[in-house]
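This report concerns only the one structure given below.
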Amino acid sequence: MVTKPPVIIGVGETPFHRGSPRLPVELMLDASLAALADAGSGPSAIDGICPPPGYTSAEELATNLGVVDCGFSATSSLGGASSVGAIRNAALAVAGGAATTVLVVVGWNGYSWLRPRDGVPVPRHGLAMTSAQDIVTDVMVPQGAIGPPQFYAPVANRYRYEHGIDELDAAAFAMAMRRHAARNPIALMRDKPLTLEDYLASPVIADPFRVFDCCLETDAAAAVVVTSAERAADLDATAVAILGAGEGRPDPPDDVAGRVDLLRIGLHGAAARAFAQAGVTAADLDTAGVYDCFTYIALLQLEALGVCGPGEAGEFVRSGAIDLGGSLPVNTHGGLLSQGHMWGMNHVIEMVRQLRGTAGASQVQGAQLGAVTGWGDFGDGTLVVLGADR
Amino acid sequence: MNSFPETEPAASGLHAAWYSANAAAAAVTAQRCENGHWRHPARYRCAVCQSDRWSFVPLSGSAVVESWTVTRRPLHVAFAEAVPYAIVVAQSDEGPRLFVQLRTATPDAVAIGDSISLAVDRFGVPYAVVAEGFPAARADGT
Numbered sequence: 001m002v003t004k005p006p007v008i009i010g011v012g013e014t015p016f017h018r019g020s021p022r023l024p025v026e027l028m029l030d031a032s033l034a035a036l037a038d039a040g041s042g043p044s045a046i047d048g049i050c051p052p053p054g055y056t057s058a059e060e061l062a063t064n065l066g067v068v069d070c071g072f073s074a075t076s077s078l079g080g081a082s083s084v085g086a087i088r089n090a091a092l093a094v095a096g097g098a099a100t101t102v103l104v105v106v107g108w109n110g111y112s113w114l115r116p117r118d119g120v121p122v123p124r125h126g127l128a129m130t131s132a133q134d135i136v137t138d139v140m141v142p143q144g145a146i147g148p149p150q151f152y153a154p155v156a157n158r159y160r161y162e163h164g165i166d167e168l169d170a171a172a173f174a175m176a177m178r179r180h181a182a183r184n185p186i187a188l189m190r191d192k193p194l195t196l197e198d199y200l201a202s203p204v205i206a207d208p209f210r211v212f213d214c215c216l217e218t219d220a221a222a223a224v225v226v227t228s229a230e231r232a233a234d235l236d237a238t239a240v241a242i243l244g245a246g247e248g249r250p251d252p253p254d255d256v257a258g259r260v261d262l263l264r265i266g267l268h269g270a271a272a273r274a275f276a277q278a279g280v281t282a283a284d285l286d287t288a289g290v291y292d293c294f295t296y297i298a299l300l301q302l303e304a305l306g307v308c309g310p311g312e313a314g315e316f317v318r319s320g321a322i323d324l325g326g327s328l329p330v331n332t333h334g335g336l337l338s339q340g341h342m343w344g345m346n347h348v349i350e351m352v353r354q355l356r357g358t359a360g361a362s363q364v365q366g367a368q369l370g371a372v373t374g375w376g377d378f379g380d381g382t383l384v385v386l387g388a389d390r
Numbered sequence: 001m002n003s004f005p006e007t008e009p010a011a012s013g014l015h016a017a018w019y020s021a022n023a024a025a026a027a028v029t030a031q032r033c034e035n036g037h038w039r040h041p042a043r044y045r046c047a048v049c050q051s052d053r054w055s056f057v058p059l060s061g062s063a064v065v066e067s068w069t070v071t072r073r074p075l076h077v078a079f080a081e082a083v084p085y086a087i088v089v090a091q092s093d094e095g096p097r098l099f100v101q102l103r104t105a106t107p108d109a110v111a112i113g114d115s116i117s118l119a120v121d122r123f124g125v126p127y128a129v130v131a132e133g134f135p136a137a138r139a140d141g142t
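So the sequences go chain by chain: A and B.
Residue numbers for the first sequence follow this note's numbering, beginning at 1 and rising by one.
Residue numbers for the second sequence follow this note's numbering, beginning at 1 and rising by one.
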């Protein structure tokens with residue numbers, strides 16, 4: 001008898017704020033309770049917690065939620081790839097018998113930490129980047145490289161140089177995200193269409209990244225509940241199967257400049273492992289979530305996934321393939337670029353809705369198989385392959 | 001020329017030792033292990049042979065631009081007067097690659113494949129300048 005793979009049984013998120021007066025942990029508690037309610041369950045069912053790298057702890061979450069006898073926790077320290085990485089950890093724990101039902105939660109003050117305001121509390125513990133942060137502080141900041149646009153821009157420029165990707169390709173991705181956001185009631189950019197003229201007129205932050213190549217700084221939290229297929233059968237919620245999951249790191253993982261190939265990213269290894277576990281390929285996907293921190297980085301991930309060949313992502317996106325009705329709708333919620341930046345857990349939540357058939361105006365008809373990427377720190381990558389259970 | 005802040009880096013451990021070695025050598029250095037394997041940024045052991053015996057060895061300073069970015073909006077107030085400024089991924093002749101500011105009056109002209117020279121300021125912080133004779137020495141003749 002083949003054991004059925006673990007499942008996602010509940011999802012929840014807060015509104016997407018550009019300036020919340022509440023701490024990330026408070027937002028995470030809201031999202032966690034929403035995910036548990038969606039699972040048709042309560043805190044008593046939880047025996048494992050995967051918190052994000054920073055802001056809070058399994059202990060703080062357990063106490064505030066009333067989770068007793070928590071027997072498992074693990075933190076994925078992959079920056080923005082941590083959401084998918086944590087789902088993988090939770091699935092491994094459930095499959096291995098270390099836990100039965102695991103709460104995976106992320107949240108942050110991505111808008112407010114850059115804009116301190118009177119009366120808005122500052123979390124005592126921010127995002128934990130450990131050794132990558134040391135390299136940023138000690139080696140990159142003295143060169144004027146302070147933030148992610150500057151760390152990834154040389155990757156994007158090398159991508160342009162080697163494969164002829166250009167700003168029209170990047171613009172096409174940004175505009176597609178905005179079209180998707182127009183169908184999403186909670187997207188930050190729902191009512192703000194983006195034209196090519198708008199894109200080309202937007203200021204450059206760090207070449208080649210214009211403002212509209214960059215994701216939205218957001219205060220928000222999101223959570224999912226992972227359990228076994230057997231337990232899910234007893235709950236009044238629609239499960240989505242975790243068919244495969246992988247993580248990967250570029251080499252060396254702790255520095256960007258030292259790589260022999262700037263375009264070899266963590267997702268290459270992660271995708272190979274996740275697809276092999278699931279027994280599928282990119283060609284089998286009905287829809288995908290791609291971690292769109294920056295347009296060019298999303299295009300590069302489409303190629304790393306195997307959706308298209310090296311240098312082909314721009315043409316693929318300009319053809320309309322990632323739009324609703326296209327061959328592979330991507331980020332039907334609007335993504336980090338136009339819904340908001342919730343570390344890609346918003347991509348997972350959208351994928352669960354797609355595979356449940358509850359994505360409303362954004363629904364990809366007949367969606368049965370999807371995958372969601374993660375990208376974080378200096379190009380760490382994750383992938384989870386999800387399947388409809390209906 | 002923009003005004004890039006020249007300050008002592010707030011580094012610690014091996015990275016602080018690297019800046020000290022650069023300042024002492026008046027040149028960009030990189031770690032080389034006892035078996036001759038280069039590495040950068042500074043780390044405890046060699047990833048090739050796992051040796052923990054190494055020294056900071058000066059690089060010739062000859063390098064090419066592997067990739068680049070020009071920052072046009074300051075991401076921190078400390079760099080408000082510095083924009084626009086170029087940062088490149090420098091491929092040194094010896095092998096190590098590093099993020100380094102390219103001091104140039106024409107950041108818009110930076111391109112992959114450009115020949116550059118690496119140097120250090122009084123704190124041992126590396127920077128690059130366009131190599132003497134370049135672009136006349138450009139390999140593709142442009």
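Glycine residues also receive a C-beta, built at the ideal position from the N, C-alpha and C atoms.
Min CB distance residue i to chain B below 8 Å
i                 : result
arginine 249(A)   : no
proline 154(A)    : yes
threonine 14(A)   : no
asparagine 157(A) : yes
tyrosine 111(A)   : no
isoleucine 205(A) : yes
isoleucine 165(A) : no
glutamine 365(A)  : no
threonine 218(A)  : no
proline 142(A)    : yes
glycine 258(A)    : yes
glutamine 150(A)  : yes
Residue(s) in a DSSP beta bridge with residue i
i                    : result
tryptophan 38(B)     : Arg32(B)
histidine 17(A)      : Asp219(A)
cysteine 50(A)       : Val104(A)
aspartate 380(A)     : Gly376(A)
tyrosine 127(B)      : Ala119(B)
phenylalanine 151(A) : DSSP output for phenylalanine 151(A) lists no bridge partner at all.
serine 73(A)         : Ile49(A)
C-beta atoms of residue i and residue j nearer than 8 Å
i                 : j                 : result
glutamate 13(A)   : asparagine 346(A) : yes
tyrosine 127(B)   : arginine 103(B)   : yes
valine 88(B)      : valine 100(B)     : yes
glycine 394(A)    : leucine 383(A)    : Past the boundaries of the shown model lies residue 394(A); chain A is included only from 1 to 390, so the question cannot be answered.
glutamine 170(B)  : alanine 42(B)     : The structure shown does not extend to residue 170(B), since chain B is modelled only from 1 to 142, so the question has no answer here.
leucine 235(A)    : alanine 39(A)     : yes
cysteine 215(A)   : isoleucine 205(A) : no
tryptophan 144(B) : isoleucine 116(B) : This structure does not reach residue 144(B), given that chain B is present from 1 up to 142, and the question cannot be answered.
leucine 61(A)     : serine 32(A)      : yes
valine 226(A)     : valine 94(A)      : yes
valine 352(A)     : valine 240(A)     : yes
valine 129(B)     : aspartate 114(B)  : no
CB contact below 8 Å: residue i versus chain A
i                   : result
proline 135(B)      : no
alanine 105(B)      : no
valine 125(B)       : yes
threonine 142(B)    : Caution applies to threonine 142(B), whose pLDDT of 47 falls short of 50 and renders its modelled position unreliable; the model cannot decide the point.
phenylalanine 56(B) : no
methionine 1(B)     : Its pLDDT being 49, under 50, methionine 1(B) is placed unreliably by the model, and nothing is read from it.
tyrosine 85(B)      : yes
alanine 139(B)      : Residue placement at alanine 139(B) is flagged as unreliable, the pLDDT there being 47, under the threshold of 50; the coordinate-derived value follows with that caveat. No, alanine 139(B) lies away from the interface with chain A (no Cβ there is under 8 Å from its Cβ).
isoleucine 112(B)   : yes
valine 70(B)        : yes
alanine 82(B)       : yes
alanine 75(B)       : It should be noted that the sequence gives leucine, not alanine, for residue 75(B). Answer yes: the Cβ-Cβ gap between leucine 75(B) and chain A drops below 8 Å somewhere.
histidine 37(B)     : no
arginine 53(B)      : no
valine 89(B)        : yes
When the options are compared against residue i, the one with the closest alpha-carbon
i                 : options                                    : result
arginine 53(B)    : Glu34(B), Trp68(B), Arg39(B)               : Glu34(B)
glycine 366(A)    : Trp375(A), Leu328(A), Leu383(A)            : Leu328(A)
valine 67(A)      : Thr56(A), Gly360(A), Ala81(A), Gly48(A)    : Gly48(A)
glutamate 26(A)   : Pro5(A), Pro123(A), Ser76(A)               : Pro123(A)
arginine 18(A)    : Ser112(A), Ser362(A), Glu230(A), Val317(A) : Ser112(A)
alanine 201(A)    : Ala81(A), Ala283(A), Leu168(A), Asp30(A)   : Leu168(A)
histidine 333(A)  : Ala288(A), Leu369(A), Leu300(A)            : Ala288(A)
methionine 342(A) : Ser362(A), Glu217(A), Arg264(A)            : Glu217(A)
Distance cut-off 7 Å: residue i Cβ against heavy atoms of the ligand FMN
i               : result
arginine 179(A) : Absence of the ligand FMN is noted for the structure shown, with no ligands found whatsoever.
Where residue i meets chain D, residues with beta-carbon distance less than 7 Å
i                : result
aspartate 138(A) : Of the protein chains in this structure, namely A and B, none is chain D.
For a minimum of 3 consecutive residues, which ranges assigned as the beta strand (DSSP E) are wholly contained in the region 286 to 359 of chain A?
Fully enclosed beta strand (DSSP E) runs of 3 or longer: 287 to 289.
Completely contained beta strand (DSSP E) runs for the region 54 to 123 of chain B, where each covers 3 or more residues:
Correct list: 54 to 58, 62 to 71, 85 to 92, 97 to 103, 115 to 120.
Mind listing, in chain order, the continuous beta strand (DSSP E) runs of no fewer than 3 residues lying wholly within the region 177 to 233 of chain A?
204 to 206, 219 to 227
Could you tell me which uninterrupted alpha helix (DSSP H) segments, each at least 4 residues in length, are contained entirely in the region 80 to 146 of chain A, listed from first to last along the chain?
82 to 96, 130 to 135
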